[in-house]
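**Student:** One structure is given below, represented as structure tokens, and several questions about it will come after.
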Ligand SMILES: [Zn+2]
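In the working numbering, the protein residues as written are 3 to 254.
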């Protein structure tokens with residue numbers, strides 16, 4: 003019994019020491035808009051969003067998801083990396099989020115589903131191409147129609163993932179390297195979806211499984227980049243979130 007306890011403590015200590023050599027935490031946002039509500043699953047008002055940015059920019063080295071995947075492959079992740087991610091493709095990306103990030107000179111990754119482009123409340127093609135031309139902003143893939151991937155055949159998964167990649171690449175004129183699974187929970191991301199993200203040519207892919215699988219809460223050496231967890235920003239304040247990231251990332 004005692005040996006087991008010591009063994010698991012040693013494993014945890016080694017894992018945290020390993021993480022300290024380099025890590026990147028990923029955080030998810032959806033919409034940022036003027037509304038009467040505090041943060042919900044789908045969004046938060048700009049003033050609240052800025053409190054997260056204040057906390058993050060003070061503590062972490064911010065990088066785009068694609069930069070994090072490249073650094074992970076080369077074992078050059080910063081000690082305290084953090085990547086801001088935004089999902090889906092709402093027009094807020096262009097009208098609210100990008101202006102705030104640009105004013106603060108903060109990099110970020112926007113995951114865009116093809117079906118959001120030109121849709122009600124979605125980005126226009128013009129807005130998307132302007133975002134892609136902003137060096138602070140990386141455009142990533144998020145499938146064609148935002149399905150629950152685990153409910154599809156592997157062929158359908160490939161059409162969703164690789165099709166969205168080529169749709170976006172044709173629009174923005176450059177290669178995509180980062181992907182986020184729609185919904186992104188454990189039930190939505192099966193082995194076949196993970197294989198397909200790799201096959202489609204992505205360097206890595208994000209889930210939303212943070213805190214459900216503690217050992218892979220941050221991207222670090224030894225973590226499969228196609229199973230990169232993300233921290234949610236709803237129902238948590240920036241200080242609490244930073245404390246969780248610091249603890250799980252081996253920073254505290
Ligand atoms: Zn989504």
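Backbone N, C-alpha and C define an ideal beta-carbon position, used for all residues, glycine too. Bear in mind that the values here come from a model prediction, so they are computed numbers and not experimental data.
Residue 33 bridges to which residues according to DSSP?
**Tutor:** Residue 33 is bridged to 45.
**Student:** Bridge partners for residue 90 per DSSP, in chain order?
**Tutor:** Bridge partners of residue 90: 114.
**Student:** Fully enclosed by the segment 117 to 183, which alpha helix (DSSP H) runs are 4 residues long or longer?
**Tutor:** Segments of the alpha helix (DSSP H) lying fully in the segment 117 to 183: 127 to 134, 156 to 174.
**Student:** Apart from the five residues on each side of it in sequence, which residues of its chain come closer than 7 Å, Cβ to Cβ, to residue 220?
**Tutor:** So the list reads 21, 25, 26, 27, 250, 251, once near-sequence residues are dropped.
**Student:** Could you pull the start and end residues of the beta strand (DSSP E) that residue 206 belongs to?
**Tutor:** Here the beta strand (DSSP E) through residue 206 covers 206 to 208.
**Student:** Buried or exposed: which applies to residue 254, given that a residue is buried once 16 or more other Cβ atoms fall within 10 Å of its Cβ?
**Tutor:** Exposed, since its Cβ has fewer than 16 Cβ neighbours within 10 Å.
**Student:** For ligand 1, any of its heavy atoms closer than 7 Å to the Cβ of residue 144?
**Tutor:** Yes, the Cβ of residue 144 comes within 7 Å of a heavy atom of ligand 1.
**Student:** When we look at the beta-carbon of residue 167 and count the other beta-carbons within 10 Å, is it buried (16 or more) or exposed?
**Tutor:** Result: buried.
**Student:** Taking residue 201 as part of the alpha helix (DSSP H), name the residues at either end of that continuous run.
**Tutor:** Its alpha helix (DSSP H) spans residues 193 to 201.
**Student:** Mind checking whether the beta-carbon of residue 148 lies closer than 7 Å to any heavy atom of ligand 1?
**Tutor:** Yes, Cβ of residue 148 sits closer than 7 Å to a heavy atom of ligand 1.
**Student:** Under the criterion of a Cβ to heavy atom distance below 7 Å, does residue 89 qualify as lining ligand 1?
**Tutor:** For ligand 1, at least one heavy atom lies less than 7 Å from the Cβ of residue 89.
**Student:** Along the chain, where does the alpha helix (DSSP H) that runs through residue 106 open and close?
**Tutor:** 100 to 106 is the extent of the alpha helix (DSSP H) around residue 106.
**Student:** Quick check: is any heavy atom of ligand 1 less than 7 Å from the C-beta of residue 101?
**Tutor:** Outside the cutoff, so no.
**Student:** Within its chain, find whatever has a CB closer than 7 Å to the CB of residue 54; leave out the 5 residues flanking it on each side and keep chain order.
**Tutor:** Contacts found: 235, 240.
**Student:** Distance check for residue 70 and residue 227, CA to CA, integer angstroms please.
**Tutor:** About 9 Å.
**Student:** Going by DSSP, which residues form a beta bridge with residue 25?
**Tutor:** Partner(s): 222.
**Student:** Mapping DSSP to helix, strand and coil, what is residue 83?
**Tutor:** Reduced to three states, the DSSP call for residue 83 is strand.
**Student:** Can you tell me the Cα-Cα spacing of residue 83 and residue 151, whole angstroms?
**Tutor:** When rounded, the distance between both Cα atoms is 29 Å.
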